[in-house]
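Worksheet for the structure shown next.
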DNA sequence: GACTTTTGTGTGAACGTGCACAGTAAAGCT
DNA sequence: AGCTTTACTGTGCACGTTCACACAAAAGTC
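Chains as they are written, first to last, in the numbering used here: chain F, 230 to 560; chain W, 230 to 560.
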């Protein structure tokens, strides 16, 4: 009961291996008669090509590896990954490519990834939430094409990416607060070594200018707990805050808890704005006014870039997509 | 600049291919001298084995495929996947196996999965949230070993799994409500064609017996919106409810919104219990009392079963793990 | 009619590995 | 001393595919 090979199909169809191979790979020189005979033979035998054998000669693997750079504990706290994974599987499947997942949380992981990619086991690399200065970036300079979902900043090593316009989103939220007549607008940022951390603060500062003083800015690490801590800190430092822009919904959920604990009403006393429009935004009380990132398009564009590079495009330009203000009850 | 092969390593080390291959595959008959020479040659040349070539001769692929059976839209709403993916990548990596992801949302996807697996492209299959009666189950009866994270009920086709004791968890929560002195305890279940939907209701009924009437039971589909709908429905049908056990945290978040809209205080008027102990459980107001599933162990055990089967174990027994009550403020 | 081009087909070699087998030398046993 | 076992090494073949090439017949061109 061994699986049929291309030989078996050829024999069943009364042609040679070469002709079957040509049909399989879309070569134009296959006669109509041969075509139908082969197609019948394939479905009769249940033949499916052996990718290992194909890889051996084509030097392609038919797979793309997605590298998750988050430290292990917080992996997937961010629900954005789900969209990316889904879109990736789907778009790759159309090209008969499969998606393999790897972790790059610690040094050992990272070495494994480099070995894997350098060893020629992937036709492309999909980086996710890679930090600036990650040694992976240098290690992957040679080898198959790599792209990132979300920008990777820093160093001379530039890698193509598709991302939301974080800075624009931050401006949208801050301008909304200003339009609401809020006077003392604070911000809780993400880590300052991530693009989201930096650019969302830049957008905030774009609008407020000199009014964005350090007394009104606190830093979090994307976790809910850090949002709570940062909010508490801000309230101690500057009690008369009447609005706060939090750089992620999850941290905003933490900030809401801190505000509640301090007896402030939301949005009456303090308006709260999040970022991401993730699922937590609707499960908090009150539901969060936030900035939606076009997740699906980001994922699609990221894959489009990667596929273009795999197809031999020498160079592709990064893609930046607009964000959108989503008004709910927290502001 | 082509990649080094096992020949190159052998030449550099002054031995034959066979000896290098033996070292690589852990054969005991390699002299210490040869060992060091080969190891040096490997690191000097940067050699890494070509999996395609290896697959071709061993008839193994070195990869396990994870099949996500959720319809696309709600994929990953459940944060449990993240743990499973993480654990899977990790445990598979230790065995030098890689994880490839596939979707099985519609008919086309499912056919692709079957082709892939039947085509011998995976050494094992990891099913996730597969519904009863899924045609995949029959299609995968032949081929490499398959296991499921979470039980797959129905049919004669039994597949090994590791799961939390849903029924126990439901009993724990219901008993807790009873101990609190609550008299009219309602339940919002999951879909009744899923193990979680069925077994959590069974546990509820185990404790309440004849008191678990249909007037006190409403059905949801795991989404937050469905939890809100079901809660509204229950309040209309039976206004004097003083406790409600909701079969998932996400649905419980919806139920909280419905209770708030109806002016009921939680937990004073109505105690609310969730299930899963997912991340939403701490971002709701008030935070949810819920049932924790041992996610990490479930994932570990699932992988242990799969690896055992891949190693040739003819049969493995399903694993059922105990749940735990987590008391927060909603009850 | 002698050519080139187009369309279609078959064949041998190569991709890089593991495994069965053959072979050798040293050590252990009677 | 003769025989068996242990430790180690090298070689040929097979895995299933693609690709370059050779070849053949039909169709078009001068």
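C-beta: ideal position from N, C-alpha, C; glycine also.
None of these values were measured; they are calculated from a predicted model.
Under 8 Å by Cβ, that's how I've got residue 523 of chain W and residue 557 of chain W pegged, so tell me the actual separation to the nearest angstrom.
In this structure, residue 523 of chain W and residue 557 of chain W do not form a Cβ contact; the two beta carbons are roughly 18 Å apart against a cut-off of 8 Å.
Using a C-beta to C-beta distance shorter than 7 Å, which residues of chain W count as neighbours of residue 330 of chain F?
In chain order: 314, 318, 328 and 330.
Between which two residues does the beta strand (DSSP E) holding residue 489 of chain W run?
That residue, residue 489 of chain W, is in no beta strand (DSSP E); its alpha helix (DSSP H) goes 478-490.
Once you ignore the five residues that flank residue 486 of chain F on each side, which residues in its own chain have a CB closer than 6 Å to its CB?
457
Suppose the cutoff is 8 Å on Cβ atoms and the five residues either side in sequence are ignored; what does the same chain contact list for residue 338 of chain W look like?
Cβ neighbours of residue 338 of chain W beyond the five flanking positions: 331 and 332.
If distances are taken between C-alpha atoms only, which option among W/554, W/547, W/529 and W/551 comes closest to residue 323 of chain W?
W/529
So that I know if they touch, is there some Cβ in chain F lying closer than 8 Å to that of residue 354 of chain W?
no
Determine, for residue 458 of chain W, whether the minimum Cβ-Cβ distance to residues of chain F falls below 8 Å.
no
Quick one, which residues of the segment 494-528 of chain F are near chain W if we go by CB-CB under 8 Å, in chain order?
508, 509, 511, 512, 513 and 514
Does the segment 397-405 of chain W come into contact with the segment 425-437 of chain W, if we say contact requires no fewer than three beta-carbon pairs (one atom in each stretch) closer than 8 Å?
yes
Nearest to residue 555 of chain W by CA position, among W/316, W/507, W/367 and W/347, is which residue?
Answer by Cα proximity: W/507.
What in chain F is Cβ-close to residue 490 of chain W, meaning under 9 Å?
Simply none; closest approach about 11 Å.
What in chain F is Cβ-close to residue 461 of chain W, meaning under 7 Å?
Counting only Cβ-Cβ distances below 7 Å, residue 461 of chain W has no contacts in chain F at all, with the closest Cβ about 16 Å away.
According to DSSP, simplified to helix, strand and coil, what is residue 521 of chain W?
strand
By the criterion of Cβ-Cβ separation under 9 Å, what are the contact partners of residue 453 of chain F in chain W?
508, 511 and 512
Between the C-alpha atoms of residue 560 of chain W and residue 471 of chain W, what's the straight-line distance to the nearest angstrom?
Those two C-alpha atoms are separated by around 10 Å.
Report the option in W/249, W/553 and W/527 whose CA atom is closest to the CA atom of residue 389 of chain W.
W/527
Rounded C-beta distance between residue 294 of chain F and residue 366 of chain F? I'm assuming under 8 Å.
Contact between residue 294 of chain F and residue 366 of chain F fails: their C-beta atoms lie close to 15 Å from each other, not under 8 Å.
Counting Cβ pairs closer than 8 Å, one from the segment 409-426 of chain F and one from the segment 230-238 of chain W, do we hit at least three?
They do not touch, by the three-pair rule.
So if DSSP puts residue 417 of chain F in a beta bridge, which residue, or which two residues, is it bridged to?
Answer is F/447 and F/475, bridged to residue 417 of chain F.
Could you list which residues in chain W have their beta carbon closer than 8 Å to that of residue 272 of chain F, in chain order?
One finds nothing in chain W with a Cβ atom closer than 8 Å to the Cβ of residue 272 of chain F; even the nearest lies about 12 Å away.
Is the distance from the Cβ of residue 549 of chain F to the Cβ of residue 447 of chain F below 8 Å?
no
Which residues bound the alpha helix (DSSP H) around residue 366 of chain F?
Following the DSSP letters along the chain, one finds residue 366 of chain F inside the alpha helix (DSSP H) bounded by residues 364-368.
Does residue 400 of chain W get closer than 8 Å to chain F when you measure Cβ to Cβ?
no
Kindly indicate if chain W contains any beta-carbon less than 8 Å away from that of residue 277 of chain F.
yes
In chain order, what residues of the same chain have a beta carbon less than 6 Å from the beta carbon of residue 544 of chain W, not counting five sequence neighbours either side?
none
Counting only the same chain and skipping the five closest in sequence on each side, list residues whose C-beta sits under 8 Å from that of residue 484 of chain F.
Shown here for residue 484 of chain F: same chain residues with a beta carbon closer than 8 Å to its own, the five before and five after excluded, namely 417, 456, 457, 459, 460, 473, 475 and 501 in chain order.
From residue 277 of chain F to residue 343 of chain W, what distance separates their C-alpha atoms?
11 Å
Just the C-alpha distance for residue 405 of chain F and residue 519 of chain W, rounded to the nearest angstrom, thanks.
When only Cα atoms are considered, residue 405 of chain F and residue 519 of chain W end up about 37 Å apart.
With 8 Å set as the bound, which would you pick, yes or no: does the beta-carbon of residue 322 of chain F sit closer than that to a beta-carbon of chain W?
yes
Are the C-beta atoms of residue 236 of chain F and some chain W residue less than 8 Å apart?
Not one chain W Cβ lies under 8 Å of residue 236 of chain F.
Measuring CB to CB, does residue 467 of chain W end up less than 8 Å from residue 445 of chain W?
yes
Closer than 6 Å by C-beta to residue 350 of chain F: which residues in its own chain qualify, once you throw out the five before and the five after it? Chain order, please.
290, listed in sequence order.
Could you spell out the range, first to last residue, of the alpha helix (DSSP H) harbouring residue 404 of chain W?
395-408
Is residue 326 of chain F helix, strand or coil when you go by DSSP?
The answer is coil: DSSP assigns residue 326 of chain F none of H, G, I, E or B.
Tell me the DSSP secondary structure of residue 541 of chain F in three-state form.
coil
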